[in-house]
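Below you'll find the structure, written out as structure tokens, and then a few comments.
There are 2 protein chains.
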Amino acid sequence: MHINIFKRKELKENNSKPLILVTNDDGIHAPGLKALTELARKLGDVVVVAPDEGRSGMSHAITIKYPLRLNKIKDEENLAIYSCSGHPADCVKLAVNQLLDRKPDLLISGINHGSNSSISVVYSGTMAAAIEGGLHGIPSIGFSITDFSSRPDFSASCFFGEQIIMNTLSDGLPEGVCLNVNFPKLPQKDIKGIRICRQAKGLWIEEFDKRVDPHRREYFWLTGYFDNYEPDNEDTDEWALKHNYISVVPVRVDFSDTKAMAKLRSLYAKNGI
Amino acid sequence: MHINIFKRKELKENNSKPLILVTNDDGIHAPGLKALTELARKLGDVVVVAPDEGRSGMSHAITIKYPLRLNKIKDEENLAIYSCSGHPADCVKLAVNQLLDRKPDLLISGINHGSNSSISVVYSGTMAAAIEGGLHGIPSIGFSITDFSSRPDFSASCFFGEQIIMNTLSDGLPEGVCLNVNFPKLPQKDIKGIRICRQAKGLWIEEFDKRVDPHRREYFWLTGYFDNYEPDNEDTDEWALKHNYISVVPVRVDFSDTKAMAKLRSLYAKNGI
Numbered sequence: 105m106h107i108n109i110f111k112r113k114e115l116k117e118n119n120s121k122p123l124i125l126v127t128n129d130d131g132i133h134a135p136g137l138k139a140l141t142e143l144a145r146k147l148g149d150v151v152v153v154a155p156d157e158g159r160s161g162m163s164h165a166i167t168i169k170y171p172l173r174l175n176k177i178k179d180e181e182n183l184a185i186y187s188c189s190g191h192p193a194d195c196v197k198l199a200v201n202q203l204l205d206r207k208p209d210l211l212i213s214g215i216n217h218g219s220n221s222s223i224s225v226v227y228s229g230t231m232a233a234a235i236e237g238g239l240h241g242i243p244s245i246g247f248s249i250t251d252f253s254s255r256p257d258f259s260a261s262c263f264f265g266e267q268i269i270m271n272t273l274s275d276g277l278p279e280g281v282c283l284n285v286n287f288p289k290l291p292q293k294d295i296k297g298i299r300i301c302r303q304a305k306g307l308w309i310e311e312f313d314k315r316v317d318p319h320r321r322e323y324f325w326l327t328g329y330f331d332n333y334e335p336d337n338e339d340t341d342e343w344a345l346k347h348n349y350i351s352v353v354p355v356r357v358d359f360s361d362t363k364a365m366a367k368l369r370s371l372y373a374k375n376g377i
Numbered sequence: 105m106h107i108n109i110f111k112r113k114e115l116k117e118n119n120s121k122p123l124i125l126v127t128n129d130d131g132i133h134a135p136g137l138k139a140l141t142e143l144a145r146k147l148g149d150v151v152v153v154a155p156d157e158g159r160s161g162m163s164h165a166i167t168i169k170y171p172l173r174l175n176k177i178k179d180e181e182n183l184a185i186y187s188c189s190g191h192p193a194d195c196v197k198l199a200v201n202q203l204l205d206r207k208p209d210l211l212i213s214g215i216n217h218g219s220n221s222s223i224s225v226v227y228s229g230t231m232a233a234a235i236e237g238g239l240h241g242i243p244s245i246g247f248s249i250t251d252f253s254s255r256p257d258f259s260a261s262c263f264f265g266e267q268i269i270m271n272t273l274s275d276g277l278p279e280g281v282c283l284n285v286n287f288p289k290l291p292q293k294d295i296k297g298i299r300i301c302r303q304a305k306g307l308w309i310e311e312f313d314k315r316v317d318p319h320r321r322e323y324f325w326l327t328g329y330f331d332n333y334e335p336d337n338e339d340t341d342e343w344a345l346k347h348n349y350i351s352v353v354p355v356r357v358d359f360s361d362t363k364a365m366a367k368l369r370s371l372y373a374k375n376g377i
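Chains as they are written, first to last, in the working numbering: chain A, 105 to 377; chain B, 105 to 377.
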């Protein structure tokens, strides 16, 4: 794995306002997107491209079978807003390839209503958008709050989020890395600070809710609870959130397990395949 | 990262037939699923749970907003086939949690029409199903062939796939690891062998095809080409496929970048956040 030195952005040299791309997976009408857009406007020129409806749990899905639509909702000075018929990763791809005339200085996704810590990063559309931004070489951050309600209080998230954004704008991120930031559902005074973490090992335990429809056919609702395999490990995001810290996990999408490669090589050699 | 020793399955001790769960993302009618099901039937008792239509590019999407349906298509001795209204990861969750009375000895996903090497693993529903199986502690393999046609020749894939499956059934996989197997589009005699690889660094370069519908509204088709950042590196899956080998990448879904954690910690400490 290559990790380059932290890159200072050109914006520091030429003193222009940074271009910030904002997206999410809860859709164009989500209060979390509004909060993040308002925060972004304090810091730069903003383009919002977000799904036209909620796309929670859509992971890194891309739209292949259907064409995509963009709908311009607002075009003010320093703020343009588009809704998109696709998933969060589609929004990023369309923004970068069709809408913007230069690479954004920053991509921020969220603020997601509900946490995306531990293994939830795999299912999260919020984080897929940030990962897609990172793949395109844009310093990218996914923000989530451990509050699934429709109207969370984002004031503490925006206070600390601004610090994380300012730091990322000034110092960049290692090449190929984006950030998974989760805020605890707490007022600002009760948040103990920011912790750099790794993704906790854990699993969603499914408990499908089996029902029968009016036509006597079975259907299933996905439900379940999260099982943290390592609740006592202080370097994990789950531990940080449980202990009133903001968790920041640097995320890289290289799925290759190099230790397993060595094991498999010797096993396959032994078995002659 | 913990990697346990390779586990021998109970099936070796009690000599019963292994239970094999088969799925894919091209849908219940795909020839690749049929080829993999026929291969699985040679080796054990088979349950197929596959999406009711093609779900390519759906990544690790799960269905939250809508209920899921299962439709029993076949229930013969040693073979049950269900279609599912959800995505590949939904199929695995429903099979494991609702349909099966014990944990499968193996999950196989595919054979996908089209490769899932390098960064395509992020977008792939085929690999999401294998990853979901791995998260549930099932030795899991995603198979793909570098042939996007509707009727690929799967004979060589099945010949070598059987070796990989037999090896996985007898020796298991490291805990938390699944396999991403890609077959080159070649007759058996021209395939040079199997290589254990890492995921090549690369990116899909998008070139949206912008069109105008009969109502004069714009729409966009996602298209593009793959840019391999390291074509000369012989330990990558892209190199293996290009040089007529089958690529096997051990995949782990821990996105945390530990080197970046250390860098960020010192940076945040310096900046006082």
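Backbone N, C-alpha and C fix where the C-beta goes; we use that ideal spot for every residue, glycine too. What you are looking at is a predicted structure, and each value in this text was computed from that prediction instead of being measured.
Which of the three DSSP states is assigned to residue i in this structure?
i	result
Ile249 (chain A)	strand
Met105 (chain A)	Unreliable positioning characterises Met105 (chain A) in this predicted model, as indicated by a pLDDT of 24, which lies under 50. A coordinate reading is not provided.
Ser274 (chain B)	helix
Gly190 (chain B)	coil
Arg315 (chain B)	strand
Arg369 (chain A)	helix
Ile177 (chain B)	strand
Lys113 (chain A)	With a pLDDT of 39 at Lys113 (chain A), under the threshold of 50, the modelled position of that residue is not reliable, and the figure given next carries that caveat. In the structure shown, Lys113 (chain A) sits in coil (DSSP, three-state: anything other than H, G, I, E or B).
Asp361 (chain A)	coil
Asp149 (chain A)	strand
Asp130 (chain A)	coil
Leu345 (chain B)	helix
Pro135 (chain A)	helix
Which residue comes first and which comes last in the beta strand (DSSP E) that contains residue i?
i	result
Cys282 (chain B)	Val281 to Phe287
Thr127 (chain A)	Leu123 to Thr127
Lys169 (chain B)	It is not in any beta strand (DSSP E) - Lys169 (chain B) carries neither H nor E in the DSSP assignment.
Glu310 (chain A)	Gly306 to Glu310
Determine the extent of the alpha helix (DSSP H) in which residue i is found, giving its start and end residues.
i	result
Phe258 (chain B)	Phe258 (chain B) -> no alpha helix (DSSP H), and no H or E assigned at all.
Gly328 (chain A)	Note, Gly328 (chain A): premise wrong, no alpha helix (DSSP H); beta strand (DSSP E) at Gly328 to Asn332.
Ile377 (chain B)	Looking at the DSSP string, Ile377 (chain B) is not in any alpha helix (DSSP H), and its letter there is neither H nor E.
Ile235 (chain B)	Gly229 to Leu239
Per DSSP, which residues does residue i bridge with? Please list them.
i	result
Thr141 (chain A)	Beta-bridge pairing links Thr141 (chain A) to no other residue.
Arg299 (chain B)	B:Ser351
Ala154 (chain B)	B:Ser187
Trp325 (chain A)	A:Asp313
Thr340 (chain B)	B:Arg302
Arg356 (chain A)	A:Val281
Ser160 (chain B)	Answer by DSSP bridge pairing: none, since Ser160 (chain B) is not bridged.
Ser244 (chain A)	A:Leu211
Kindly examine the ligand SAM and report whether one of its heavy atoms sits closer than 7 Å to the Cβ of residue i.
i	result
Arg255 (chain B)	No copy of the ligand SAM appears in this structure; indeed no ligand is present at all.
- Counting only runs that start and end within the region 192–225 of chain A, where is the alpha helix (DSSP H) found for 4 or more residues in a row? 192–198
**OP:** Compile a chain-ordered list of the residues in the region 354–372 of chain B whose CB is closer than 8 Å to at least one CB of chain A.
**Re:** Of all residues in the region 354–372 of chain B, Pro354, Val355, Arg356, Val357, Asp358, Phe359, Ser360, Asp361, Thr362, Lys363, Ala364, Met365, Lys367, Leu368, Arg369, Leu371 and Tyr372 have a Cβ within less than 8 Å of some Cβ in chain A.
- Positions along the region 125–153 of chain B whose CB lies within less than 8 Å of some CB in chain A: none
Practice item. Could you run through the region 311–330 of chain B and flag, in chain order, every residue whose CB is less than 9 Å away from some CB of chain A? Key: Glu311, Phe312, Asp313, Lys314, Arg315, Asp317, Arg321, Glu322, Tyr323, Phe324, Trp325, Leu326 and Gly328
- Query: When you check each C-beta in the region 265–276 of chain A against every C-beta of chain B, which residues fall closer than 7 Å?
  - Reply: Among the residues of the region 265–276 of chain A, those with a Cβ less than 7 Å away from any Cβ of chain B are Gln267, Asn271 and Asp275, in the order of the chain.
Item to check | Where the region 157–181 of chain B meets chain A: residues whose CB sits under 8 Å from a CB there | outcome: Gly158, Ser160, Gly161, Met162, Ser163, His164, Ala165, Ile166, Thr167, Ile168, Lys169, Pro171, Leu172, Arg173 and Leu174
What are the residues of the region 204–216 of chain A that lie near chain B, defined by any Cβ-Cβ distance shorter than 8 Å? none
Given a limit of 7 Å on CB to CB distance, which residues of the region 278–301 of chain A reach chain B?
Pro278, Val281, Ile298 and Ile300
Inset, instruction - Pull out every residue of the region 187–202 of chain B whose Cβ sits closer than 9 Å to any Cβ of chain A, in chain order. - result: Cβ contacts with chain A come from Ser189, Gly190, His191, Ala193, Asp194, Lys197, Leu198, Val200, Asn201 and Gln202.
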